[in-house]
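Asks: Just so you know, the sequence shown maps onto residues 694 to 908 in my numbering.
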Amino acid sequence: MKKVALAGTESLTNYIDALKENDIEVIATLDVDEAIKCDGLLLPGGGDIDPVYYGEEMNGSDEPDRELDKAQRDILDAFVKAKKPILGICRGMQLINIYFGGSLHQDLVTRDIHTRKNGNDSIHSVKSVEEGNLFEKFYGKIFNINSAHHQGTKKLGKGLKEVLRSDDGVCEAVIHEELPIIATQFHPERMSYKQRRDDAVVGEEIFKYFKSLLK
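1) Mind reading off the beta-carbon distance from lysine 848 to serine 796? Whole number of angstroms is fine, and I expect it under 8 Å.
2) Spatial neighbours of glutamate 870 within its chain, please: C-beta separation below 8 Å, excluding the five flanking residues on both sides.
3) Within this structure, are the beta carbons of alanine 775 and valine 725 separated by less than 8 Å?
4) Going by C-alpha to C-alpha distance, which of Leu736, Gly753 and Asn826 sits closest to proline 744?
5) Look up lysine 940 in the DSSP assignment and say whether it is helix, strand or coil.
6) Could you check whether glycine 845 and valine 863 sit closer than 8 Å to each other, using their CB atoms as the reference points?
7) Between the Cα of aspartate 800 and those of Arg766, Gly738 and Thr808, spot the shortest distance and give me the residue it belongs to.
8) Could you tell me which of Leu705, Lys834 and Ile838 sits nearest to glutamine 878, measuring between CA atoms?
9) Taking the continuous beta strand (DSSP E) assigned at serine 818, which residues delimit it?
10) Of all the options Ile874, Leu907, Lys901 and Pro873, which has the alpha carbon lying nearest to the alpha carbon of proline 914?
11) In three-state terms, what does DSSP make of isoleucine 782?
12) For the segment 787 to 796 against the segment 810 to 821, are there 3 or more C-beta pairs whose distance is under 8 Å?
13) For the alpha helix (DSSP H) containing asparagine 752, list its first residue and its last residue.
14) Whose C-beta lies closer than 6 Å to the C-beta of isoleucine 779 among residues of the same chain, with five residues either side of it excluded?
15) Is the distance from the Cβ of alanine 841 to the Cβ of glycine 781 below 8 Å?
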């Protein structure tokens, strides 16, 4: 059975359930030495990352958890150097983008499109911006996803390709040009299996693809 390190501290149940549905053993840890023994890494959603990591002062970010920022970055660094598969979701995608030299809009002008309403994810459409990319093969050129964030990609990190974009111009998914890295700004774990919804695509395809990357 393949093992995936789940590097996070907030509610992890949905991520664990989605991975286990794919017969993947989940190791929830922030310890680099324990994590790197796994076949892949999932960086989950969570709070804002300290903007010092992309050379900015606080300007719309929520107060960061600096210990978590460092722990996740150290684990990400180890997996990148080992060229092991990585799946980033929401905060996880933002961390990946920052790691490769990118930056964030600390508080989107169009945040109302993307933030949760009354405890529920927002739903909006995204479109493919690269012909024949992975997500287009799964879902077509235009489709609905869920959304629960107030920050977004500003400068794209080196080696990353934007593959999905919302109508207001926010990057919704990236892949790495050479490394086995895939990341979404939306939350496929809340569109999968028992969490399937009628107003958005099925997120299961993303987890199945991630499993196919594990060696």
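Glycine included, every Cβ here is placed at the ideal spot set by N, Cα and C.
Replies: The structure says:
1) As a working mapping, residue 848 is identified with position 155 in the sequence shown. As a working mapping, residue 796 is identified with position 103 in the sequence shown. Contact flag correct, Cβ pair sits at about 4 Å.
2) As a position in the sequence shown, residue 870 is number 177, starting the count at 1. Excluding residues within five positions, the ones whose Cβ falls inside 8 Å are Gly852, Leu853 and Lys854.
3) Counting from 1 along the sequence shown, the entry for residue 775 is found at position 82. Counting from 1 along the sequence shown, the entry for residue 725 is found at position 32. No, the pair does not count as a contact, with Cβ atoms beyond the cut-off.
4) As a working mapping, residue 744 is identified with position 51 in the sequence shown. Of Leu736, Gly753 and Asn826, the residue nearest in Cα terms is Gly753.
5) Outside the displayed range of the chain (694 to 908) lies residue 940, so it cannot be described from this structure.
6) Indexing the sequence shown from 1 puts residue 863 at position 170. Indexing the sequence shown from 1 puts residue 845 at position 152. For valine 863 and glycine 845, yes; Cβs fall inside 8 Å.
7) Here residue 800 is taken as the residue at index 107 of the sequence shown, counted from 1. Checked all of Arg766, Gly738 and Thr808; the closest Cα to aspartate 800 is Thr808.
8) Here the question's residue 878 lines up with position 185 in the sequence shown. Comparing Cα-Cα distances from glutamine 878 to each of Leu705, Lys834 and Ile838, the minimum goes to Ile838.
9) Against the sequence shown, residue 818 aligns to sequence position 125. Here the beta strand (DSSP E) through serine 818 covers 815 to 821.
10) There is simply no residue 914 to check, as the chain begins at 694 and stops at 908 in what is shown.
11) One-based indexing of the sequence shown puts residue 782 at position 89. Strand at isoleucine 782.
12) no
13) By one-based count along the sequence shown, residue 752 stands at place 59. Where asparagine 752 is concerned, there is no enclosing alpha helix (DSSP H), given that its DSSP letter is neither H nor E.
14) Sequence index remark: in the sequence shown, residue 779 carries index 86 (1-based). Leu734, Phe772 and Ile874, listed in sequence order.
15) Taking the first residue of the sequence shown as position 1, residue 841 is located at position 148. Taking the first residue of the sequence shown as position 1, residue 781 is located at position 88. Not in contact: alanine 841 and glycine 781 (Cβ atoms no closer than 8 Å).
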